[in-house]
Amino acid sequence: MDLFKNVIEKDLCIGCGACVGQDRLGNLKMEWNDFGFLVPKRESLSKRVDNSAIKVCPFNPSPENEVRTENELADLFLTGAPNFHPKIGKYYDTYVGYSNEFRLTSSSGGLASYIVKELLMKGIVDAVYVVKETISEKYHYEYTPIFSPNEVLSSSETKYYPVTLSNFFKELSTINGKVAVVGVACFVKAIRLFQHYNPEIKDKVAFLIGIICGGVKSSFFAEYLSAKTGIENNNYTNPQFRIKDLSSTASDYSYRCKDLKGTHHSIKMSAVGDMWGTGIFKNNACDFCDDVTTELADISLGDAWLKPYVKDGRGTNVIVTRSQIADELIKSGIASKELSVEQLTLAAFLSSQQGSFNHRHNALGYRIKKAENYDRTIPPKRHDKEKISFDFKYVQDKRMKIRMNSLLLWKKTKSAEFFDNEMSKDLTNLKRLTKIYHHCRAFKNKLLKL
Ligand SMILES: Cc1cc2nc3c(=O)[nH]c(=O)nc-3n(C[C@H](O)[C@H](O)[C@H](O)COP(=O)(O)OP(=O)(O)OC[C@H]3O[C@@H](n4cnc5c(N)ncnc54)[C@H](O)[C@@H]3O)c2cc1C
């Protein structure tokens with residue numbers, strides 16, 4: 147299998163940059179592609195790329211048996227976890243709550259910032275790779291190592307913006323001490339593969355904080371939202387994707403950025419329409435990921451899209467602990483009253499991510515069949531056998547079309563008004579099809595209960 151032919155040219159690259167670190171010939175670097183994603187490119191077309199680079203790719207179509215799926219990797223790395231559920235993988239426990247210190251300065255309940263701080267304070271690691279604002283002209287955000295608990299606040303908040311870990315993978319062998327990384331599922335999988343194939347650095351990675359992810363967005367997402375706030379021609383800085391409204395619900399957040407004079411502009415996400423269920427500006431690879439809850443991390447953190455928590459605009463996390471050290475960090479935070487966290491039943495946890503399970507597990511087999519028509523080989527999956535109804539197939543077709551068209555259209559126009567006009571017919575159709583699917587599902591569920 148060839149990294150370029152089988153992954154990048156098939157639009158299955160997520161931009162993690164593990165291949166750049168694995169390529170001992172040093173011929174790869176990350177660059178923006180035409181659709182606002184970071185992808186590896188050859189520095190010199192006449193030079194080779196290390197054959198083993200594809201082995202650490204989370205979308206390698208032919209992984210070796212011992213790392214075939216997340217299940218095999220979990221058996222290698224999460225050996226102590228006493229529980230397993232096919233939807234969320236190996237785990238210790240499930241919780242819900244927030245950090246008293248970080249809740250208001252974070253996107254959900256501030257658990258990610260809390261864990262980063264604890265790892266550094268307790269000396270469990272010497273550095274944590276987090277996503278921080280950068281002064282680079284090329285990016286708004288970048289993975290950066292932080293070394294002190296005082297730096298934690300600078301990394302808080304969710305950035306729906308492409309980032310890459312290529313520098314981390316390149317630097318890892320030269321780093322002194324132990325490190326932790328905060329990352330979404332495919333990035334965490336790439337780190338596990340990298341540890342597996344580079345046993346000499348395996349123990350350097352002492353902890354992984356998993357961010358539960360519904361899909362990675364192109365940089366077009368920030369460009370579009372900035373245009374919606376009234377800033378044209380990409381003349382924006384400081385994109386902030388999750389400005390809370392403390393007097394409203396958790397999902398009623400805003401996007402905010404600055405113009406070149408430093409004036410803030412913002413827009414409520416509810417005024418922009420559904421940016422998640424539609425697949426707008428999403429990376430194609432995300433449609434072929436069945437790891438909804440970042441199964442290979444020590445701890446997984448997401449939004450508590452669940453009553454009663456969703457009603458609280460201050461934000462609340464759902465939490466899955468998967469290693470003993472992670473479970474102890476949560477328990478000690480509860481005991482010291484730094485965390486307002488309690489156990490959550492597995493059923494309640496599952497329902498907090500129901501939409502993602504429906505799309506990423508139930509409908510995956512259908513999307514894989516479609517992808518095979520385009521000569522794409524998808525890596526082995528655990529959730530590719532589920533069958534879906536005709537009405538849900540129509541929803542899938544429409545989502546795939548909208549995802550692709552949103553990228554093609556924004557590349558061409560960069561005008562929010564034109565984009566909205568051109569997309570509106572498909573988005574309205576998707577809304578109708580989704581309504582029909584929901585009605586049919588409710589009717590079938592009623593029949594099943596009779
Ligand atoms: C692309 C993306 C999609 C998501 N989709 C979902 C979803 O569908 N369902 C759900 O429940 N939750 C989702 N989340 C997670 C959610 O938005 C919060 O990040 C999570 O609940 C942690 O919140 P917190 O308050 O504990 O984090 P904070 O305390 O605010 O800290 C945020 C942490 O996330 C890290 N971070 C920020 N941006 C990124 C990034 N792009 N990649 C990797 N790390 C990053 C920062 O380094 C920081 O450590 C998504 C997050 C991202 C980045």
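Residue numbering for the sequence shown follows the numbering used here, beginning at 147 and increasing consecutively. The C-beta atom is built at its ideal place from N, Cα and C for all residues, glycine as well.
- Remark: C-beta atoms of S259 and S294 do not approach each other more closely than 8 Å.
- Short of 7 Å from the beta carbon of S253, and not among the five residues preceding or following it, lie these beta carbons of its own chain, in chain order: E303, T304, R388, G461.
- When the beta-carbon positions are compared, D572 and N591 stay at least 8 Å from each other.
- Between G376 and C432, the CB-CB gap reaches or exceeds 8 Å.
- In the three-state reduction of the DSSP assignment, L257 falls in the helix class, which pools H, G and I.
- Among the bridge pairs identified by DSSP, H410 is matched with K404.
- When secondary structure is reduced to three states using DSSP, K531 falls in the coil class, being assigned neither helix nor strand.
- Within the segment 485–549, the complete alpha helix (DSSP H) segments at least 4 residues long are 492–498, 500–503, 510–519, listed from N- to C-terminus.
- Under the rule that a run must span 4 or more residues, the alpha helix (DSSP H) segments found entirely inside the segment 250–310 read 257–267.
- For Q499, same chain residues with a beta-carbon under 6 Å away, outside a window of 5 residues either side, are V438 in chain order.
- For E212, no alpha helix (DSSP H) encloses it, and the DSSP letter there is neither H nor E.
- Each residue's CA atom was taken as its position, placing F589 and I582 some 11 Å apart.
- Apart from the 5 residues on each side of it in sequence, I534 sits with its Cβ closer than 7 Å to the Cβ of N508, A509, Y512 in its chain, given in chain order.
- Non-local beta-carbon contacts of G226 in its own chain, meaning distances under 6 Å to residues more than five positions away in sequence, involve Q470 in chain order.
- Comparing alpha-carbon positions, the option among V351, V271, S192, R338 lying closest to E218 turns out to be R338.
- Between F434 and L149, the beta carbon gap of about 16 Å keeps them out of contact (Cβ cut-off 8 Å).
- With 16 or more neighbouring CB atoms inside 10 Å of its own CB, A199 falls in the buried class.
- In the structure shown, the three-state DSSP call for N384 is strand.
- With 16 or more other Cβ atoms inside 10 Å of its own Cβ, P385 counts as buried.
- With respect to V487, V242 sits close: the two C-beta atoms are nearer than 8 Å.
- Leaving aside the five residues that flank T580 on each side, the residues in its chain whose CB is nearer than 6 Å to its CB run, in chain order, V541.
- One alpha carbon belongs to E317, the other to C586, and they sit about 52 Å apart.
- In this structure, the straight-line span from the alpha carbon of L442 to that of K407 is close to 43 Å.
- Under DSSP, M176 shares a beta bridge with P186.
- Distance from the Cα of R528 is smallest, within the candidate group R214, L224, R522, for R214.
- When only Cα atoms are considered, P209 and S364 end up about 26 Å apart.
- Look at C359: its beta carbon is less than 7 Å from one of the heavy atoms in ligand 1.
- Per the C-alpha coordinates, the member of F565, F538, L554 positioned closest to K577 is F538.
- With a cutoff of 8 Å on beta-carbon distance, T280 and M176 are scored as not near each other.
- When DSSP assignments are scanned along the segment 304–391, the uninterrupted stretches of alpha helix (DSSP H) that are 4 or more residues long and fall wholly within it turn out to be 312–317, 331–343, 366–374.
- For I465 and L496, the gap between their C-alpha atoms comes out near 11 Å.
- F565 sits in a helix when the DSSP states are folded into three classes.
- Ranking Y401, I347, N229, S482 by CA distance to the CA of G419 puts Y401 first.
- Between the alpha carbons of F340 and Q168 lies a distance of about 8 Å.
- At least one heavy atom of ligand 1 sits closer than 7 Å to the Cβ of V262.
- In the structure shown, L158 adopts coil according to DSSP, grouped into three states.
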